[in-house]
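In order, the protein sequences belong to chains A and B. First residue of the first sequence? That's 1 in UniProt numbering, and the numbers climb one at a time after it. First residue of the second sequence? That's 1 in UniProt numbering, and the numbers climb one at a time after it.
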Amino acid sequence: MAHTEQEVLAGLAEIVAEETGLPTDAVALEKSFTDDLDIDSLSMMTIVTHAEDKFGVRIPDEEVKNLTTVGDAVTYITNAQG
Amino acid sequence: MPAPEVVVTGLGATTPLGGDVPSTWTAALAGESGARTLDNDWSERYEIPVTFAATIKVSPAEVLSRPETKRMDPSTQYALVAAREAWADAGSPEVDGDRLGTVVSSGIGGIWTTLDGWDLLRERGARRMLPMTVPMLMPNSPTAYVSLELGARAGAHALVSACASGAEAIGYGVEMIRSGRADVVVAGGTEATIHPMPIAAFAASRTLSLRNDDPQGASRPYDVDRDGFVLGEGAGVVVLESAEHAAARGARVYARLAGVGLSSDAYHITSPDPDGRGQVAAMRRALEEAGATGRDVVHVNAHATSTKVGDLTETRSIRTLLGADADHVQLSATKSMTGHLLGGAGALETIFTIKAVAERLAPPTINVTNPDPELQVPLVRDTPAPLPAGDVVAVNNSFGFGGHNVALVVASV
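So, in structure tokens, the structure goes:
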């Protein structure tokens with residue numbers, strides 16, 4: 001069953017919190033992964049790997065660079081669930 | 001200009017006996033064993049003949065943040081815990097990062113990460129491989145993370161010499177200060193190999209004790225019934241400093257790291273040269289560097305892993321080198337309590353040697369019910385032995401598979 005945008009945000013926030021130590025409520029839709037959350041490329045790829053696993057989606061490497069904000073990732077994952 | 005003298009100003013450890021140096025030292029003086037039956041099904045599942053090990057007492061998960069434990073192999077986690085303690089114990093010295101170095105070794109490296117990665121690849125394919133796998137498994141990861149933590153830019157090194165790695169790292173740290181490359185060096189060793197594969201591999205080499213019914217009595221160096229070593233894990237880290245730098249900031253000094261002796265056997269890949277030539281050479285060089293003679297040596301922390309051959313070779317070497325002076329040496333085999341920390345062993349045992357000199361107390365060797373009649377040096381058994389007052393030196397010996405011999409001389413201040 002497909003996850004709602006709300007559920008994807010909550011799940012992604014948990015993954016980001018695990019990886020960075022930030023509180024889950026810091027992971028808001030408008031936040032930039034690099035500028036606001038200080039996530040480097042290795043951490044970003046780790047988050048993508050866990051997100052693919054959690055939501056059963058595929059996020060190709062060439063898409064990852066377009067995911068600037070948390071909102072971009074939530075939209076991509078939600079749509080990719082098909 | 002003479003080379004700078006090197007002193008020890010900070011100590012840190014996480015071991016099977018405790019989560020820091022004070023608790024580890026207290027447990028060692030009390031003669032406690034860190035060995036316990038493993039709380040898992042590895043033995044039945046993989047038909048491993050050994051069911052116990054000296055596992056770490058305080059999990060790093062209790063001390064480090066969740067992201068730290070997720071992105072570091074356990075071997076790096078232990079090193080970081082020990083390094084933070086050592087640095088704080090040294091008073092968090094103000095030092096120019098260009099004059100600060102790290103030398104933190106592991107004998108085996110990030111083997112949990114390596115093997116978990118292989119399991120993951122086989123079960124789920126390359127898409128599930130975690131991007132942090134390589135920086136987690138590389139054996140220089142502990143020294144790299146310590147250098148990142150402290151902003152150490154004089155060099156971050158990781159020498160590898162199996163069970164001598166931790167002692168060799170400290171020796172190299174001393175060299176960095178003597179050669180003028182650094183004023184302060186954070187040095188030590190770490191290991192985290194209590195995983196079924198290395199246990200099975202050590203068991204296959206017939207070097208592990210099989211005393212499953214009595215884990216705490218299994219590590220018994222110099223006892224006639226010793227049957228192999230007990231695998232341990234953990235880390236030890238010291239802060240080394242030029243005497244001048246330490247004095248300028250009014251630092252508390254535990255001892256001088258006065259001599260480093262290195263040699264290699266070139267005899268056999270795992271067995272020590274029975275003549276002890278390399279061991280004698282390492283100890284002799286270390287004492288020469290320290291300007292000490294056999295008369296000055298009051299204590300030796302033996303490598304003594306509780307194997308038939310290794311233990312006696314070492315005491316013969318000590319007797320060969322010191323002659324009649326060996327009669328007044330208090331010999332301690334602390335692996336009887338901690339198990340064998342492999343790459344962490346030489347560092348932890350150097351810390352024990354430093355504490356012994358600073359507190360004039362040699363830690364006990366437990367489980368020696370019937371001393372081997374061929375033991376050639378007085379052994380501290382069951383309770384700590386007082387060491388004499390005045391200027392004294394002690395030696396920590398660490399030897400590794402591959403024929404690596406490291407002797408470090410610790411001198412009182």
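All residues carry an ideal CB built from backbone N, CA and C; glycine is no exception.
| According to DSSP, is Asp-372/B helix, strand or coil? | Here residue 372/B is taken as the residue at index 372 of the second sequence, counted from 1. Looking at Asp-372/B - three-state DSSP - the assignment turns out to be coil, as it is neither helix nor strand.
| request: Determine the direct distance from the alpha carbon of Gly-97/B to that of Arg-153/B, and round the result to whole angstroms. | output: The count along the second sequence starts at 1 and reaches residue 153/B at position 153. The count along the second sequence starts at 1 and reaches residue 97/B at position 97. Rounded to whole angstroms, Arg-153/B to Gly-97/B spans 5 Å at the Cα level.
| Sorted by chain position, which residues of the same chain lie with C-beta nearer than 7 Å to Pro-386/B's C-beta, five sequence neighbours on each side aside? | The residue given as residue 386/B occupies position 386 in the second sequence. Here the set comprises Arg-360, Leu-361.
| Contact under 9 Å by Cβ, Leu-408/B with Gly-343/B | Residue 408/B sits at position 408 when you count from the first residue of the second sequence. Residue 343/B sits at position 343 when you count from the first residue of the second sequence. No, the pair does not count as a contact, with Cβ atoms beyond the cut-off.
| query | What three-state label does DSSP hand residue 417/B in the structure shown? | reply | Because chain B here runs from 1 to 413, residue 417/B falls outside it and cannot be looked at.
| task | Consider the Cβ of Leu-80/B: report whether some Cβ of chain A lies at a distance smaller than 9 Å. | result | By one-based count along the second sequence, residue 80/B stands at place 80. False, the Cβ-Cβ gap to chain A never drops below 9 Å.
| So with Cβ pairs under 9 Å, would you call Leu-42/A a contact of chain B? | Working through the first sequence from its first residue, we reach residue 42/A at position 42. Residue contact with chain B for Leu-42/A: present (Cβ-Cβ distance below 9 Å to some residue of chain B).
| Thinking just about the alpha-carbon of each residue, which of Ala-333/B, Ala-358/B, Asp-116/B, Asp-119/B is nearest to the one in Leu-11/B? | Taking the second sequence and counting its residues from 1, the one referred to as residue 11/B is at position 11. Ranking the options by Cα distance to Leu-11/B, first place goes to Ala-358/B.
| message | I want to see whether chain B comes within less than 9 Å of Glu-19/A, judged by CB atoms only; does it? | response | Reading the first sequence from its first residue, position 19 is the one you call residue 19/A. Taking Cβ atoms only, chain B reaches closer than 9 Å to Glu-19/A, which makes this a yes.
| query | Does any C-beta atom of chain A lie closer than 9 Å to the C-beta of Leu-130/B? | reply | Working through the second sequence from its first residue, we reach residue 130/B at position 130. It does; some Cβ of chain A falls within 9 Å.
| message | Please classify Arg-84/B as buried or exposed, where buried requires at least 16 other C-beta atoms within 10 Å of its C-beta. | response | The residue given as residue 84/B occupies position 84 in the second sequence. Result: buried.
| Excluding five sequence neighbours on each side, which residues of the same chain lie with their C-beta closer than 6 Å to the C-beta of Val-230/B? | As a working mapping, residue 230/B is identified with position 230 in the second sequence. Result list for Val-230/B: Ala-35, Ala-54, Ser-209, Ala-218, Ser-219, Gly-339, in chain order.
| request: Spatial neighbours of Gly-91/B within its chain, please: CB distance less than 7 Å, with the 5 preceding and 5 following residues excluded, ordered by chain position. | output: To locate residue 91/B, count along the second sequence from 1; it is residue 91. Cβ neighbours of Gly-91/B beyond the five flanking positions: Ala-251.
| message | Would you say the beta carbon of Met-337/B is closer than 8 Å to some non-hydrogen atom of the ligand ZN? | response | This structure does not include the ligand ZN; it has no bound ligands of any sort.
| task | Measure the alpha-carbon distance for Pro-74/B versus Ala-30/B and round it to whole angstroms. | result | Taking the first residue of the second sequence as 1, we reach residue 74/B at position 74. Taking the first residue of the second sequence as 1, we reach residue 30/B at position 30. Cα-Cα distance, rounded: 28 Å.
| query | Can you tell me the Cα-Cα spacing of Arg-66/B and Thr-20/A, whole angstroms? | reply | Position 66 of the second sequence holds residue 66/B. Position 20 of the first sequence holds residue 20/A. If you take the alpha carbons of Arg-66/B and Thr-20/A, they lie about 8 Å apart.
| request: Could you name the residues of the stretch 243 to 269 of chain B whose beta carbon sits closer than 9 Å to any beta carbon of chain A, in the order they occur along the chain? | output: none
| task | Could you name each continuous beta strand (DSSP E) segment of 3 residues or more that falls completely within the stretch 128 to 175 of chain B, going from the start of the chain to the end? | result | none
| field | Pro-74/B, DSSP secondary structure in three states | value | Taking the first residue of the second sequence as 1, we reach residue 74/B at position 74. The answer is helix: DSSP assigns Pro-74/B an H, G or I state.
| task | Please determine, among Glu-5/B, Ala-389/B, Asn-370/B, Phe-352/B, the residue with the shortest C-alpha to C-alpha distance to Asn-397/B. | result | Position 397 of the second sequence, counted from the start, is the residue given in the question as residue 397/B. Minimum Cα distance to Asn-397/B is reached at Phe-352/B.
| task | Can you grab the Cα-Cα spacing for the pair Val-413/B / Thr-69/A, in whole Å? | result | Taking the second sequence and counting its residues from 1, the one referred to as residue 413/B is at position 413. Taking the first sequence and counting its residues from 1, the one referred to as residue 69/A is at position 69. Going from the Cα of Val-413/B to the Cα of Thr-69/A covers about 59 Å.
| said: What are the residues in the stretch 132 to 145 of chain B lying within 9 Å of chain A by C-beta distance? | reply: Met-132, Pro-135
| What do you reckon, are the CB atoms on Leu-150/B and Thr-102/B nearer than 9 Å? | One-based indexing of the second sequence puts residue 150/B at position 150. One-based indexing of the second sequence puts residue 102/B at position 102. In this structure, Thr-102/B lies closer than 9 Å to Leu-150/B by Cβ.
| message | So, at 6 Å on beta carbons, what are the nonlocal neighbours of Glu-241/B in its own chain, with the 5 sequence-adjacent residues on each side left out? | response | Within the second sequence, the letter at position 241 stands for residue 241/B. Excluding positions up to five away in sequence, the list reads Val-7, Thr-9, Val-184.
| field | Coarse secondary structure for Thr-383/B, derived from DSSP in three states | value | Reading the second sequence from its first residue, position 383 is the one you call residue 383/B. Residue state, collapsed to three classes: coil.
| request: Go through its chain and collect everything with a Cβ distance to Ser-306/B's Cβ below 6 Å, but skip five positions before and after it. | output: Within the second sequence, numbered from 1, the residue matching residue 306/B stands at position 306. So the list reads Ser-219, Arg-220, Pro-221, Arg-226, Phe-229, once near-sequence residues are dropped.
| message | Between Arg-84/B and chain A, is the shortest Cβ-Cβ distance under 9 Å, so that the two count as touching? | response | The count along the second sequence starts at 1 and reaches residue 84/B at position 84. It does not; no Cβ of chain A falls within 9 Å.
| field | In chain order, each beta strand (DSSP E) run of at least 3 residues that lies wholly inside the stretch 293 to 357 of chain B | value | 297 to 301, 330 to 332
| said: On the criterion of 16 or more Cβ atoms from any shown chain inside 10 Å, does Ile-77/A qualify as buried, or is it exposed? | reply: Residue mapping note: residue 77/A aligns to position 77 of the first sequence, counting from 1. So Ile-77/A ends up on the buried side.
| Does DSSP put Phe-33/A in a helix, a strand or coil? | The count along the first sequence starts at 1 and reaches residue 33/A at position 33. DSSP places Phe-33/A in coil when its eight states are reduced to three.
| field | Secondary structure, alpha helix (DSSP H): runs of 4+ residues fully inside the UniProt domain "Carrier" (3 to 81) of chain A | value | 5 to 20, 41 to 55, 61 to 64, 70 to 80
| task | State the Cα-Cα distance for the pair Glu-47/B and Ala-204/B, rounded to the nearest angstrom. | result | As a first step, residue 47/B must be located in the second sequence, where it is residue number 47. As a first step, residue 204/B must be located in the second sequence, where it is residue number 204. If you take the alpha carbons of Glu-47/B and Ala-204/B, they lie about 12 Å apart.
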